[in-house]
Ligand code: ATP
Ligand code: ATP
Ligand code: MG
Ligand code: MG
Ligand code: MG
Ligand code: MG
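The structure is reproduced here in structure tokens:
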């Protein structure tokens, strides 16, 4: 005992277990803020949607897309972002724990680094952190269903939260507002917003209703060269608030997941 020369490194390493992500599948890493209900209260986020907080999340996603070449598409809402890696990615030999931890720690660092750009007047009171998970999707259709599911979630939560906070801001207690909304359907919520508050849900900012997508897009530019019209392409990272539930988005951007 106590003699380090007797330690066999191979034996020690044999306890390590790598969770390999299935080959030729789209890896999705979803990061989500831990206890952001509290974080958003302590930092006095505008309710239900703080635009600055969402823009900060988006800029973190842009940084991830810039840093990790294999990330081809990302979608974010509230305190979460999903990052899609290309199908044949060999990043970290597809070891789940390294991929997830690298992306989630990079995301958290950027969030803290950029905070001041979005909240110039607000001090960060304590360090936020995010958790992350990786899931493999074996076909483009299932991957698109995954992303559609996140956007449906964005829509349902946003509609509920918009009603909830309008009721609270108009003087109801949180539990009264909750009771008002219990069991209501989409149509009733839209009705409540327009009748009681004169708000047309569809005119609310599109970033709140649809979330944000960050991806490499082809930008085309027509130039005049030697009296000839030539089309030049350049790739750049874009932040859009598009409908990714409808297949037309994917048809219009065929090179994103190719
Ligand atoms: P967990 O640690 O389980 O993820 P959580 O408190 O982070 O718990 P979520 O379900 O992830 O809960 O929800 C995130 C919460 O953060 C929202 O319910 C909302 O209260 C708050 N939040 C996140 N982003 C914003 C924003 N841009 N504006 C206002 N509130 C926000
Ligand atoms: P990887 O991404 O594969 O981990 P790495 O560049 O981080 O690559 P490591 O094997 O983890 O390589 O080694 C960390 C390196 O960081 C060291 O080789 C050293 O160059 C540098 N480093 C870390 N801590 C210190 C320190 N306290 N003082 C000086 N150099 C340091
Ligand atoms: Mg969580
Ligand atoms: Mg959260
Ligand atoms: Mg969340
Ligand atoms: Mg290292």
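Numbering (the working numbering), first residue to last: 39 to 296. Yeah, the Cβ is synthetic: ideal placement off N, Cα and C, and Gly gets one too.
Helix, strand or coil at residue i [DSSP, three-state]
i           : result
residue 70  : strand
residue 122 : strand
residue 168 : strand
residue 58  : strand
residue 133 : strand
residue 204 : helix
residue 291 : coil
residue 231 : helix
residue 223 : coil
residue 159 : coil
Beta-bridge pairing of residue i - partner residues as DSSP gives them
i           : result
residue 174 : 65
residue 113 : 120 and 251
Distance cut-off 7 Å: residue i Cβ against heavy atoms of ligand 1
i           : result
residue 158 : no
residue 84  : yes
residue 280 : no
residue 96  : no
residue 78  : yes
residue 87  : yes
residue 101 : no
residue 81  : no
Reference residue i, options the options, closest by Cα
i           : options               : result
residue 70  : 120, 263 and 253      : 120
residue 57  : 269, 83 and 137       : 137
residue 191 : 259, 162, 177 and 224 : 224
residue 111 : 213, 271, 276 and 46  : 276
residue 180 : 50, 42 and 65         : 65
residue 188 : 62, 280 and 85        : 280
heavy atom of ligand 4 below 7 Å from residue i C-beta
i           : result
residue 191 : no
residue 72  : yes
Any non-hydrogen atom of ligand 5 within 7 Å of residue i CB
i           : result
residue 118 : yes
Proximity test, Cβ basis, 8 Å: residue i and chain D
i           : result
residue 296 : In summary, chain D is missing from the structure at hand, where a single protein chain is found.
- Message: Extract the residue ranges of the alpha helix (DSSP H) inside the stretch 245 to 278, only unbroken runs of 4 or more that lie entirely within it.
- Response: none
- Of all the beta strand (DSSP E) runs that stay within the bounds of the stretch 81 to 115, which reach a length of 3 or more residues? 109 to 115
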